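Visitor: When you line the sequence shown up against our numbering, it's residues 8 to 487, in that order.
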Amino acid sequence: MMQFFQKLGRALMLPVAVLPAAAILMGIGYWIDPSGWGANNAVAAFLLKAGGAIIDNLPWLFAVGVAIGMAKGQDGAAALSGLVAMFIVTTILSPASVAMLKQVDAAEVPAAFGKITNAFTGIISGLVAAAVFNKFHTTQLPAALSFFSGKRCTPIITSAFMIVVSVILFFLWPAIYGVLVSFGEGVAKLGPIGAAIYAFFNRLLIPTGLHHALNSVFWFDGFGINDIGNFWAGTGTKGVTGMYQGGFFPVMMFGLPGAALAMYQTAKPNKKKTAGGLLLAAAFASFFTGVTEPLEFSFMFLAPGLYVVHAALTAVSVGVAAALHATAGFSFSAGLVDFVLSSRLPLANNPWILLIMGVVFFVIYYVLFRVLIVNFNLKTPGREDDDDEVSEKESKLTLSNSNFAEVAKAIYDAIGGKDNIVDIDNCTTRLRLKVKDSSTINEKAIKAAGAHGVIRPSKDAVQVIVGTQVEFVATEMKKL
8 MMQFFQKLGR ALMLPVAVLP AAAILMGIGY WIDPSGWGAN NAVAAFLLKA GGAIIDNLPW
68 LFAVGVAIGM AKGQDGAAAL SGLVAMFIVT TILSPASVAM LKQVDAAEVP AAFGKITNAF
128 TGIISGLVAA AVFNKFHTTQ LPAALSFFSG KRCTPIITSA FMIVVSVILF FLWPAIYGVL
188 VSFGEGVAKL GPIGAAIYAF FNRLLIPTGL HHALNSVFWF DGFGINDIGN FWAGTGTKGV
248 TGMYQGGFFP VMMFGLPGAA LAMYQTAKPN KKKTAGGLLL AAAFASFFTG VTEPLEFSFM
308 FLAPGLYVVH AALTAVSVGV AAALHATAGF SFSAGLVDFV LSSRLPLANN PWILLIMGVV
368 FFVIYYVLFR VLIVNFNLKT PGREDDDDEV SEKESKLTLS NSNFAEVAKA IYDAIGGKDN
428 IVDIDNCTTR LRLKVKDSST INEKAIKAAG AHGVIRPSKD AVQVIVGTQV EFVATEMKKL
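The following block contains the structure:
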């Protein structure tokens, strides 16, 4: 079950990766025409409408992205099936169709059906399409129907399954929607405290990949909050909309780089060079793009107590920002790029406060991490026992734009090659491998290949933390 949710989390990153395009288009458009939203400038209108097309159709992106991400071989036929599935469920359960099915006036249709085009149904459509593709993409039909054999039959079979799903949702969706809306309203009523609780679990779930499920409740329009969509669309309450985003900027842009500095300064003298290279690159990624996994995974398993402290500090930051009504938004993550693009949007409220908080959190992270590392002798990067870590002399590979094949070959061999690897996949920063036996891998050699860390969630699964260039490494490994 855990592997399923981890794979779903990775699949969700495919449509989420489209959001930076919307951020760039809408951010530049609003900078050109901050008062008229395109009414005063044709170029601004063009950019804002183009960005809005992505944000407004995110449920459809989920249907396609989840379908292709969960399907064997990430085949395009699965993506088409996901689109077909979404067409069926949103048409059958549209308010007009439900009114006809119930033989009632459109005004009497439950409000839930007015929200049937959402991230939740997009994900369900993608999952059904992927499951159908995985099961039936090799199906052989009789000669008279041979044209529809194999992958071509999957959209047809998906249609049949989605009719059944639509019937089930016809009865269940109003109840599900009601419960989820109540949950969202309950958290929203907690104000800054609710935002802090969300942020704490957002970080705490990172190792499992299940933070994506939590994010879908607060960031997207499945259950009524839609913090990201409303912030970028300018629909909401200034100083309130964006409360589940703003407080992440001080942590990702400043706090974690402060932690990286503390870890570098407390590293053993003979390991500072290796630790410094890792931490500098990870800190820059966190500051500039908001991609925190390379840095978080560098100490998450070496010093788990320190990671809980990080989650608690994130909760404090998000809670304080919400209490001060300091908001900024992101489409990808809380880095410099999204901060600059969102700082002049209509619902951005005193974003300068987040920068001041950032300086404070840099100091807090630096001091707290340094004190805890030294006093409790925590095994952060550069402080591992000599037998457990690859020395600088042994570490001959570093990830660069020209040696993906070399790094991939080293990791491939360390995991056991074709004799041990069953399947190769990746998310934003990790190689996700299905293996015959994870206990046989050479973790020391994997780290020597430039990886930031290794996770073994089960006997037949391995995750290798590579960083944002992981897709190129995965491609080379698949060739092998």
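Every residue, glycine too, gets a C-beta built ideally from N, C-alpha and C.
Computed from a predicted structure; not experimentally measured.
1. In the structure shown, what three-state DSSP assignment does residue 445 receive?
2. Looking at the structure shown, is residue 232 part of a helix, part of a strand, or coil, going by DSSP?
3. Who are residue 361's beta bridge partners in DSSP?
4. Candidates 427, 162, 225, 164: which alpha carbon is nearest residue 189's?
5. Spatial neighbours of residue 321 within its chain, please: CB distance less than 6 Å, with the 5 preceding and 5 following residues excluded, ordered by chain position.
6. Rounding to the nearest angstrom, what Cα-Cα distance links residue 394 and residue 323 in this structure?
7. Identify whether residue 390 lies in helix, strand or coil by the three-state DSSP scheme.
8. Quick one: is residue 115 buried, meaning 16 or more other Cβ sit within 10 Å of its Cβ, or exposed?
9. By alpha-carbon positions, which one of 248, 15, 387, 199 ends up nearest to residue 460?
10. Measure the alpha-carbon distance for residue 462 versus residue 86 and round it to whole angstroms.
11. Counting along the chain, where does the beta strand (DSSP E) carrying residue 433 start and finish?
12. Might you give, ordered along the chain, the residues of its own chain that have their beta carbon closer than 7 Å to the beta carbon of residue 25, omitting 5 neighbours on each side?
13. What does a CB cutoff of less than 8 Å around residue 295 pick up in its chain, not counting 5 residues either side in sequence?
14. What do you reckon, are the CB atoms on residue 480 and residue 415 nearer than 8 Å?
15. Does the distance from the C-beta atom of residue 270 to that of residue 306 stay below 8 Å?
16. Figure out for me which residue from 153, 374, 167, 137 has the closest Cα to the Cα of residue 79.
17. If we count Cβ pairs, one from each stretch, closer than 8 Å, do we get three or more for the stretch 127-145 versus the stretch 192-201?
18. With which residues is residue 468 paired in a DSSP beta bridge?
19. First and last residue of the alpha helix (DSSP H) that includes residue 419?
20. Is DSSP giving residue 201 helix, strand or coil here?
21. Can you grab the Cα-Cα spacing for the pair residue 89 / residue 21, in whole Å?
22. At the level of alpha carbons, what is the spacing between residue 245 and residue 222?
23. Any idea what DSSP makes of residue 400, helix, strand or coil?
24. From the DSSP output, which residues share a beta bridge with residue 334?
25. Have a look at 103, 127, 96, 357 and flag the residue whose alpha-carbon is nearest the alpha-carbon of residue 165.
26. Excluding the five sequence neighbours on either side, which residues of its own chain have a C-beta within less than 6 Å of the C-beta of residue 300, listed in chain order?
27. Have a look at residue 185 and residue 329 and give me their C-alpha separation to the nearest angstrom.
28. Identify, in the order they occur along the chain, each residue of the same chain with its Cβ nearer than 7 Å to the Cβ of residue 487, setting aside the five sequence neighbours on each side.
29. Considering only C-alpha positions, which residue in the set 81, 132, 428, 63 is nearest to residue 518?
30. With DSSP collapsed to three states, give me the class of residue 89.
31. Can you tell me the Cβ-Cβ gap for residue 354 and residue 248, rounded? I've got them flagged as a contact below 8 Å.
32. Along the chain, where does the alpha helix (DSSP H) containing residue 305 start, and where does it finish?
33. Quick one: what does DSSP say residue 83 is sitting in, helix, strand or coil?
34. Using 10 angstroms around the beta-carbon of residue 337, count the other beta-carbons present and answer buried if the total reaches 16, otherwise exposed.
35. Cα separation between residue 102 and residue 389?
36. Please name the residue, chosen from 250, 359, 347, that lies closest to residue 332 on a Cα-to-Cα basis.
Guide: Here's the rundown:
1. helix
2. coil
3. Paired residue(s): none; residue 361 is not in a bridge.
4. 225
5. So the list reads 206, 210, 258, once near-sequence residues are dropped.
6. With a pLDDT of only 42 at residue 394, under 50, the local geometry of the prediction cannot be trusted, and the value read off the model is given with reservation. Going by the C-alpha atoms only, they are around 37 Å apart.
7. DSSP, read as helix, strand or coil, puts residue 390 in coil.
8. exposed
9. 387
10. 30 Å
11. 428-433
12. 61, 68.
13. 342, 343, 344
14. Yes.
15. Going by C-beta atoms, residue 270 is nearer than 8 Å to residue 306.
16. Minimum Cα distance to residue 79 is reached at 137.
17. no
18. 441, 465
19. Element bounds for residue 419: 411-422.
20. helix
21. 14 Å
22. 21 Å
23. Residue placement at residue 400 is poorly supported in this model, since its pLDDT is 39, which falls under 50; the coordinates still yield a value, given next. Coil at residue 400, not helix or strand.
24. 356
25. 96
26. 436
27. 26 Å
28. 415, 416, 419
29. Here the chain covers residues 8 to 487 and nothing more, so residue 518 does not appear.
30. helix
31. 5 Å
32. 300-307
33. Helix.
34. Counting other Cβ atoms within 10 Å of its Cβ, residue 337 reaches 16 or more and is therefore classed as buried.
35. C-alpha separation (whole angstroms): 59 Å.
36. In terms of CA proximity to residue 332, 250 leads the group 250, 359, 347.
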